Amino acid sequence: MEKVTYQDPWKTQEGGNHYKDFKIQPADFIHANGIPYLEGNVIKYICRHRTKGGLQDLRKAQHYIELLIDLEYRNQLAGE
Numbered sequence: 005m006e007k008v009t010y011q012d013p014w015k016t017q018e019g020g021n022h023y024k025d026f027k028i029q030p031a032d033f034i035h036a037n038g039i040p041y042l043e044g045n046v047i048k049y050i051c052r053h054r055t056k057g058g059l060q061d062l063r064k065a066q067h068y069i070e071l072l073i074d075l076e077y078r079n080q081l082a083g084e
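Under this note's numbering, residues 5 to 84 are what the sequence shown spells out, in order.
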């Protein structure tokens, strides 16, 4: 039988180090607080914009906010 070794996923990161330097990684914060998908992505992109994607990450966060507004407040907005 092949021996399986455990690697702590919080100590490694695919695609860069833009989350590793946070005191609390966004994924850990999002999971611990039960934050839904759209809100979690907003947090993720806001947290990393200075160290990874810059303006593009802020635009991604904005897009997720717009999706959230549409899904959660569509009826309210239609009544304006």
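Using N, Cα and C, we set each Cβ at its ideal position, and we do this for glycine too. Keep in mind the model is a prediction, meaning the values are calculated, not measured.
- Secondary structure of Pro30 (DSSP, three-state): helix.
- Ile28 sits away from Val46, with the two beta carbons spaced by 8 Å or more.
- Under the criterion of beta carbons closer than 8 Å, Arg52 and His22 qualify as touching, at roughly 5 Å.
- In the three-state reduction of the DSSP assignment, Val8 falls in the coil class, being assigned neither a helical nor a strand state.
- Counted as a single uninterrupted DSSP element, the stretch harbouring His22 is not any alpha helix (DSSP H), since DSSP gives it neither H nor E.
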